[in-house]
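S.K.:
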Amino acid sequence: MEKIDNLDLHILGVITENARVPFKDVAAVCGVSRAAIHQRVQRLIEAGIIVGSGYNVNPKAIGYSTCTYVGIRLERGSMYRDVATKLDKIPEIVECHFTTGNYTMLVKLYSHDNEHLMELLNHKIQEIPGVISTETLISLEQTISREIPIPTINIVDKKPRKPRTPRKKVDVADTEDID
1 MEKIDNLDLH ILGVITENAR VPFKDVAAVC GVSRAAIHQR VQRLIEAGII
51 VGSGYNVNPK AIGYSTCTYV GIRLERGSMY RDVATKLDKI PEIVECHFTT
101 GNYTMLVKLY SHDNEHLMEL LNHKIQEIPG VISTETLISL EQTISREIPI
151 PTINIVDKKP RKPRTPRKKV DVADTEDID
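Using full-length UniProt numbering, you'd call the opening residue of the sequence shown number 1 and step up by one each time.
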């Protein structure tokens, strides 16, 4: 994993708040040049630290009113990759995780309605070789949605230090002896 420093964390903090902020504004906030921001962001992308940017579409606005989590049990955990390849061909599935616990896999999907969900379960997911059972959890409401917080504890304050006032030199010859 690529090491990131305080400037990288500062940049990530700014752009995760608003991915559309111009690099010149990020540079002003971070106290470096626009070119430095561009180079850092490119490096963070190449290192896989920044994994995307874009717009998020509200699924309900385009007709996907039902958000569902499906716990999937497989015959053998070693079948995970083969099953994941087949699940990837179902466009309504937006996330897939290999898990511990009661399920071998957990997927998140969107469907238009309960009938569409039943079609996905009965004729797509449960038909995949190796799937022995599913459990469906319909989300009634999404109450929290956010990105992972960027640690800012180590970000160094970029304020310039006050210059030290030079000490006055005293010539020993100019001092009087005090008795």
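For each residue, glycine too, the CB sits at the ideal point set by N, CA and C.
Less than 8 angstroms separating the beta-carbons of residue 92 and residue 69?
M.R.: Not closer than 8 angstroms, so no.
S.K.: Identify which residue in 75, 151, 11, 102 has its Cα closest to the Cα of residue 130.
M.R.: For the residues 75, 151, 11, 102, the minimum Cα distance to residue 130 belongs to 75.
S.K.: Tell me, to the nearest whole angstrom, how far the beta carbon of residue 86 is from that of residue 95; I am working on the premise that it is less than 8 angstroms.
M.R.: Not quite, the Cβ-Cβ distance comes to about 15 angstroms (not below 8 angstroms), so this is no contact.
S.K.: In the DSSP output, which residue or residues are listed as bridge partners for residue 72?
M.R.: Its beta-bridge partners are 105, 134.
S.K.: Locate the beta strand (DSSP E) running through residue 83, then write down its first and last residues.
M.R.: Where residue 83 is concerned, there is no enclosing beta strand (DSSP E), although the alpha helix (DSSP H) it sits in stretches over 80-87.
S.K.: With distances taken between CB atoms, is the gap from residue 181 to residue 11 smaller than 8 angstroms?
M.R.: Past the boundaries of the shown model lies residue 181; the chain is included only from 1 to 179, so the question cannot be answered.
S.K.: Specify the secondary structure class of residue 156 as computed by DSSP and reduced to three states.
M.R.: Its pLDDT being 47, under 50, residue 156 is placed unreliably by the model, and the measurement read from it follows with that caveat. Coil, per DSSP.
S.K.: If you follow the beta strand (DSSP E) that residue 97 is in, where does it begin and where does it stop?
M.R.: Per DSSP, residue 97 belongs to the beta strand (DSSP E) from 93-98.
S.K.: Short check: CB of residue 133 to CB of residue 81, under 8 angstroms?
M.R.: The answer is no: Cβ separation not under 8 angstroms.
S.K.: In this structure, how does DSSP classify residue 16 when only helix, strand and coil are distinguished?
M.R.: Looking at residue 16 - three-state DSSP - the assignment turns out to be helix.
S.K.: Where residue 83 and residue 128 are concerned, what is the direct C-alpha to C-alpha distance, given to the nearest angstrom?
M.R.: Going by the C-alpha atoms only, they are around 7 angstroms apart.
S.K.: Can you find the residues in the same chain that come closer than 8 angstroms, C-beta to C-beta, to residue 90, ignoring five residues on each side of it along the sequence?
M.R.: Around residue 90: 109, 120, 124, 125.
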